[in-house]
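Chemist: Pasting a structure here, questions to come.
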Amino acid sequence: MSQTVTLTIDGAKIEGQPGQMILGAAQEAGIYIPRLCHKDGLTPHGSCRVCTVMVNGRPMSACTTPITEGMVVENDTEQISSLRRDLIDMLFVEGNHFCMFCERSGNCELQALAYRFGITAPKYPYMFPDRDVDATHPDIMIDRHRCILCGRCVRSSQEVDGKNVFQFVGRGEEKRVAVNAEAALADTNVDVTDAAIEACPVGAIIKKRVGYVVPIGKRLYDHKPIGSEIEADGAVTAK
Amino acid sequence: MAKPKIATTSLAGCFGCHMSLLDIDERILALAEIVDFDKSPLDDIKTFTGRCAVGLIEGGCAHEENVEVLRDFRKHCDVLISVGDCAISGGIPAMRNMVPLQECLQEAYVDGPSVHNPAGVPPNDPDIPLMLDKVYPAHEVVKIDYHLPGCPPPADMLWEALVALLNNKPLDLPYELVKYD
């Protein structure tokens, strides 16, 4: 017997399966909840907090909170939007995001979220942290200036590729993605076809020699905001 | 009634944003109908002749003269707009922000592989503006009223923004025009 759980998101009644998270249930109902560290198919991380929604009046991350009967969720409100804008602002100022020459520009999820929220300038001062680049691998490069610590590479490598190439080290400001080798990325068993490489939402892990291959005007987020594919069709699963 | 005045400047920028402004093509004639240009590299007026309605800032602040000019713009303009990524985030010049200033100057004027500088010290003529410790976006130095991102911002965006502002209309830019590249 299939059970369903009924909840409301911004007043709209939706149904989901028991055990489903708010983000997934909303997505199937054609409601987009903005997210960065979440990627369909990976264990939810709940670290970026961009998917924060109000659940029965309390802020919770939609990617890690299971749905319950009669749950009241607020997603698209001014209060939540302003909180998400602040989070995106902070991600921009605490890294070095030079969109003007980044290979990922136009296909970047962080940038696309900033576009969606209509951010023209961050309200916090830029930090300009000194980070490093690992270009030792012949086909892949890590540019930690652009890393937002979403952990999608870490989880993809473990859960999809069956490897353990990436892992977090350090705490707070010092936290960064390290590679599982004595020295550098070239010494790991990473492969250019790994899901972990595709999983990066920003330009922190990029394939070499394919930059700028899609011309401006034809990139993922040039014409439609991120999430519009979910809003357009309730049945589709976002990438 | 006298026409409202517009002033523009390029601080630590590449003049690309000014090129984009010129890219409004023949609409510049319509613009000249409704505004006068005051201090701007476009007409080569060096000092403000009076109060301006709009000031367009290209580029961030890399040295003390940039700061001086920016403050002068704030003083003379009713509305100040950061135009382009360099004014908004520091942009390409801000790539030096991760390196201490002393090291930057040492590499650029002494140690760089193609440097010919027998004196062996960075230029220190008093006429050269002093470099700031890092490159600052315009809104971290003075109050900025609006930001128009892009590298450069599309000509259509600059046009739409100026027309809306000068006609006291709300600015509602289409999704396609607001980009960071």
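Respectively, the protein sequence lines represent chains A and B. Its first residue numbered 1, the first sequence is counted upward by one per residue in my numbering. Its first residue numbered 240, the second sequence is counted upward by one per residue in my numbering. No residue lacks a Cβ here, since even glycine has one placed at the ideal position from N, Cα and C. In this text, all values refer to a predicted model and were calculated from it rather than measured experimentally.
1. Is any beta-carbon of chain B found at less than 7 Å from that of Gly227/A?
2. May I ask you to list the residues that DSSP assigns as paired with Phe287/B?
3. With 16 other CB atoms within 10 Å as the buried threshold, where does Thr52/A fall?
4. Kindly list the residues whose CB is nearer than 8 Å to the CB of Tyr115/A, restricted to its own chain and excluding five residues on each side of it in sequence; keep chain order.
5. For chain A, is any of its Cβ atoms less than 7 Å away from the one on Asp282/B?
6. Nearest chain A C-beta to His386/B closer than 7 Å, yes or no?
7. What residue from Gly30/A, Val169/A, Asp191/A, Tyr124/A has the CA that sits closest to Ser436/B's CA?
8. Against chain B, with Cβ distances strictly below 7 Å, would Met127/A count as a contact?
9. Quick one: what's got a C-beta closer than 6 Å to Gly252/B's C-beta in the same chain, skipping five residues either side?
10. Can you tell me whether His355/B is buried or exposed? The criterion is at least 16 other CB atoms within 10 Å of its CB, across all chains shown.
11. Quick check: the segment 193 to 210 of chain A against the segment 148 to 168 of chain A, are at least 3 beta-carbon pairs closer than 8 Å?
12. For Asp130/A, return the contacting residues in chain B, with the cut-off set at a CB-CB distance below 7 Å.
13. Using 8 Å as the threshold, is the segment 165 to 181 of chain A in touch with the segment 130 to 148 of chain A, meaning 3 or more CB pairs across them?
14. For the alpha helix (DSSP H) containing Val439/B, name the first residue and the last one.
15. Reducing DSSP to helix, strand and coil, say where His378/B ends up.
16. Is any beta-carbon of chain A found at less than 7 Å from that of Glu415/B?
17. Please report the straight-line C-alpha distance between Val213/A and Ser105/A, rounded to a whole angstrom.
18. Please list, in chain order, all residues of the same chain as Arg266/B whose beta carbon is under 7 Å from its beta carbon, the five residues on each side excluded.
19. Given a limit of 8 Å on CB to CB distance, which residues of the segment 317 to 329 of chain B reach chain A?
20. Based on DSSP bridge pairs, tell me the residues matched to Lys408/B.
21. Among the candidates Asn75/A, Asn96/A, Glu78/A, Met21/A, whose CA atom is the shortest distance from the CA of Arg146/A?
22. Just the chain A side, please: which residues come within less than 9 Å of Ile331/B by C-beta, in chain order?
23. If you run the structure through DSSP and keep just helix, strand and coil, what is Ala271/B?
24. I'd like to know if Asp420/B contacts chain A, where contact means its C-beta is closer than 7 Å to some C-beta of that chain.
25. Between Cys390/B and chain A, is the shortest Cβ-Cβ distance under 7 Å, so that the two count as touching?
26. For Gly294/B, count the other beta carbons within 10 Å of its own beta carbon; 16 or more makes it buried, fewer makes it exposed. Which is it?
Modeler: In this structure, then:
1. If you number the first sequence from 1, residue 227/A lands on position 227. Not closer than 7 Å to any Cβ of chain B, the Cβ of Gly227/A fails to qualify, so no.
2. Residue 287/B sits at position 48 when you count from the first residue of the second sequence. Paired residue(s): none; Phe287/B is not in a bridge.
3. In the first sequence, counting from the first residue as 1, residue 52/A sits at position 52. Thr52/A should be labelled buried.
4. The residue given as residue 115/A occupies position 115 in the first sequence. Once the five neighbours on either side are set aside, the close Cβ partners of Tyr115/A are Tyr221, Pro225, Ile226.
5. For this step, residue 282/B is matched to residue 43 along the second sequence. No, Asp282/B does not count as interfacial toward chain A.
6. As a working mapping, residue 386/B is identified with position 147 in the second sequence. Chain A has a Cβ within less than 7 Å of the Cβ of His386/B.
7. Here chain B covers residues 240 to 420 and nothing more, so residue 436/B does not appear.
8. Reading the first sequence from its first residue, position 127 is the one you call residue 127/A. So, not an interface residue.
9. Within the second sequence, numbered from 1, the residue matching residue 252/B stands at position 13. The residues are Glu297, Gly298, Cys325.
10. The residue given as residue 355/B occupies position 116 in the second sequence. The residue is exposed, with fewer than 16 neighbouring Cβ atoms inside 10 Å.
11. yes
12. The residue you call residue 130/A lines up with position 130 of the first sequence. Ordered by position in chain B, the residues that pass the 7 Å Cβ test against Asp130/A are Met337.
13. Here the segment 165 to 181 of chain A lies against the segment 130 to 148 of chain A, with 3 or more beta-carbon pairs under 8 Å apart.
14. As displayed, chain B neither begins before 240 nor continues past 420, which places residue 439/B out of reach and without an answer.
15. Residue numbering aside, residue 378/B sits at position 139 when the second sequence is read from its first letter. Helix at His378/B.
16. Locating residue 415/B in the second sequence gives position 176, counting from the first residue. Output row for Glu415/B: interface = yes.
17. Position 213 of the first sequence, counted from the first residue, corresponds to residue 213/A. Position 105 of the first sequence, counted from the first residue, corresponds to residue 105/A. Looking at the two C-alpha atoms, the distance is approximately 11 Å.
18. One-based indexing of the second sequence puts residue 266/B at position 27. Excluding sequence neighbours, Arg266/B sits near Trp398.
19. Ser321, Asp324, Ile327, Ser328, Gly329
20. Numbered from 1 along the second sequence, position 169 holds the residue referred to as residue 408/B. Lys408/B pairs with nothing; no bridge assigned.
21. Locating residue 146/A in the first sequence gives position 146, where the first residue counts as 1. Closest option to Arg146/A, Cα to Cα, is Asn96/A.
22. Indexing the second sequence from 1 puts residue 331/B at position 92. By Cβ distance, chain A contributes Phe98, Met100, Phe101.
23. Here residue 271/B is taken as the residue at index 32 of the second sequence, counted from 1. Helix, per DSSP.
24. Counted from its first residue, the second sequence places residue 420/B at position 181. Closer than 7 Å to some Cβ of chain A, the Cβ of Asp420/B qualifies, so yes.
25. To locate residue 390/B, count along the second sequence from 1; it is residue 151. Cys390/B counts as touching chain A.
26. On the second sequence, residue 294/B is found 55 positions in, with the first residue counted as 1. Buried.
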